[in-house]
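Engineer:
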Amino acid sequence: MTGEVLWVRQTAAEIQAKAGPATVVIIPVASVEQHGPHLATGVDMWLASTVAERTARKLRVGGTTALVTPCIWSGLAEHHMPFGGTLTLDAEAFAAVLGGIARSVARHGFRRICLLNGHGGNVEAIQTAAAELTRKLGVPVVGVTYWLANADTFGAILETQANVQHACEAETSMIMAVQPDCVRQDRLAQAVPKRARPPAPPGFKRYRGFIEMTDTGVIGDPRSATAEKGERLLEAASSRLADELRRAELWD
4 MTGEVLWVRQ
14 TAAEIQAKAG
24 PATVVIIPVA
34 SVEQHGPHLA
44 TGVDMWLAST
54 VAERTARKLR
64 VGGTTALVTP
74 CIWSGLAEHH
84 MPFGGTLTLD
94 AEAFAAVLGG
104 IARSVARHGF
114 RRICLLNGHG
124 GNVEAIQTAA
134 AELTRKLGVP
144 VVGVTYWLAN
154 ADTFGAILET
164 QANVQHACEA
174 ETSMIMAVQP
184 DCVRQDRLAQ
194 AVPKRARPPA
204 PPGFKRYRGF
214 IEMTDTGVIG
224 DPRSATAEKG
234 ERLLEAASSR
244 LADELRRAEL
254 WD
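Rendered as structure tokens:
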């Protein structure tokens, strides 16, 4: 089992044998929420977990020991609640869960911890948690949202948008690649919003519920999604993250 990267597929002794200053522990963080009429609610959970596992396997091939914990599947998704099907935490509970998992990892002797985020509503909270946990635990905790770290690579693959939006060309493509039975192909046209409000401009933050932004729960157009495109996105994301997480300078 020395080549295994998933925390839950190893014994306690096998995990502890990998504890050390250069091992990277990736904690995927996501949400269970509505993704329009054509995608199942587990999109963010599956994608964060997939990117985390692929990243860890690339790290291992490159000589860096890596582990992936189970996904923290519930995040900050109040803005999706009016559409139904969504499970959300409040900010205090979310921070407590992140802290508890990261603290457990650090107590076992691991010294490089990555919070790998897969949900737009978590972005600011992940950044704050990474900074606070670094100070409290005395070990570096890096926070990253996988598509924000891949704006250039994703933009080169996508046809109708520059990066991930919501239940869009990008997310639909990636789910077609990893969970194809959770895409309702006959509802792709129904998912395209007839009413869409653009987000606040870069540098501005204005809270709006998704019901105010789109009539379908979707931002973007999923009709051009393909599994081949999704595979390219997932490989681009995990390659970029592996390249960054193996750099000693990130952790020093």
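The working numbering runs 3 ahead of the 1-based position in the sequence shown.
Glycine included, each C-beta is placed from N, C-alpha and C at the ideal position.
(1) Per DSSP, what kind of secondary structure is His82 in: helix, strand or coil?
(2) Leaving out five residues on either side along the sequence, give the residues of the same chain with a beta carbon under 6 Å from the beta carbon of Val142.
(3) Quick one: what's got a C-beta closer than 7 Å to Glu7's C-beta in the same chain, skipping five residues either side?
(4) With distances taken Cα to Cα, identify the nearest neighbour of Ala240 among Pro225, Asp93 and Leu151.
(5) Should Ser107 go down as buried or exposed, given a rule of 16 or more other Cβ atoms within 10 Å for buried?
(6) Count the other CB atoms within 10 Å of the CB of Val11; is the residue buried (16 or more) or exposed (fewer)?
(7) Which word fits Leu136, buried or exposed, when buried means at least 16 other C-beta atoms lie within 10 angstroms of its C-beta?
(8) Would you check if there are 3 or more beta carbon pairs closer than 8 Å linking the segment 45-53 to the segment 74-92?
(9) Tell me which same chain residues have a C-beta within less than 8 Å of the C-beta of Gly112, skipping the five on either side of it?
(10) Rounded to whole angstroms, what is the Cα-Cα separation between Val190 and Phe157?
(11) What distance in whole Å lies between the Cβ atoms of His82 and Gly212, which are believed to be in contact at a cut-off of 8 Å?
(12) I'd like the span of the beta strand (DSSP E) that includes Gly146, first residue to last.
(13) Would the beta-carbon of Asn120 fall within 9 Å of that of Gly87?
(14) Using CA atoms only, rank isn't needed, just tell me which of Val28, Gly65, Leu244 and Gly39 is closest to Cys185.
(15) Could you tell me the alpha carbon to alpha carbon distance between Val3 and Glu17, rounded to whole angstroms?
(16) Since Thr229 and Met179 are thought to touch, with beta carbons under 8 Å apart, how far apart are those beta carbons, to the nearest angstrom?
(17) Between the alpha carbons of Asp155 and Ala128, how many angstroms are there, rounded?
(18) Alpha carbon to alpha carbon, how far is Ile116 from Val27?
(19) Inspect the beta-carbon positions of Gly124 and Ala194 and report whether they are closer than 9 Å.
(20) Buried or exposed, going by whether 16 or more other CB atoms sit within 10 Å of the CB of Phe207?
(21) Hey, how far is the Cα of Gln37 from the Cα of Gln182?
Structural biologist: Reading it off the structure:
(1) If DSSP states are grouped into helix, strand and coil, His82 belongs with the helices.
(2) Taken in chain order, the residues that qualify are Ala109 and Arg114.
(3) For Glu7, where only same-chain residues beyond five positions count, the Cβ hits under 7 Å are Gln13.
(4) Nearest of Pro225, Asp93 and Leu151 to Ala240, Cα basis: Leu151.
(5) By the 10 Å Cβ count, Ser107 comes out exposed.
(6) Val11 is classed as exposed because its beta carbon has fewer than 16 other beta carbons within 10 Å across all chains shown.
(7) Buried is the call here.
(8) Because the criterion of three Cβ pairs below 8 Å is met, the segment 45-53 and the segment 74-92 touch.
(9) Around Gly112: Gln19, Ala22 and Gly23.
(10) First, the amino acid is wrong: residue 190 is Arg here, not Val. If I take the Cα positions, the gap works out to 24 Å.
(11) Confirmed, Cβ separation roughly 5 Å.
(12) First-last of the beta strand (DSSP E) with Gly146: Val144 to Thr148.
(13) No. Outside cutoff.
(14) Just measuring C-alpha positions, the residue of Val28, Gly65, Leu244 and Gly39 sitting nearest Cys185 is Gly39.
(15) The chain is shown from 4 up to 255; residue 3 falls before or after that span and cannot be answered.
(16) That belief holds up - the Cβ atoms of Thr229 and Met179 are roughly 7 Å apart, short of 8 Å.
(17) Taking the straight line joining both Cα atoms gives about 24 Å.
(18) Looking at the backbone, the Cα of Ile116 and that of Val27 are separated by about 6 Å.
(19) No, Cβ-Cβ distance for Gly124 and Ala194 is not below 9 Å.
(20) Here Phe207 is exposed. Its C-beta has fewer than 16 other C-beta atoms within 10 Å.
(21) Each residue's alpha carbon lies about 16 Å from the other.
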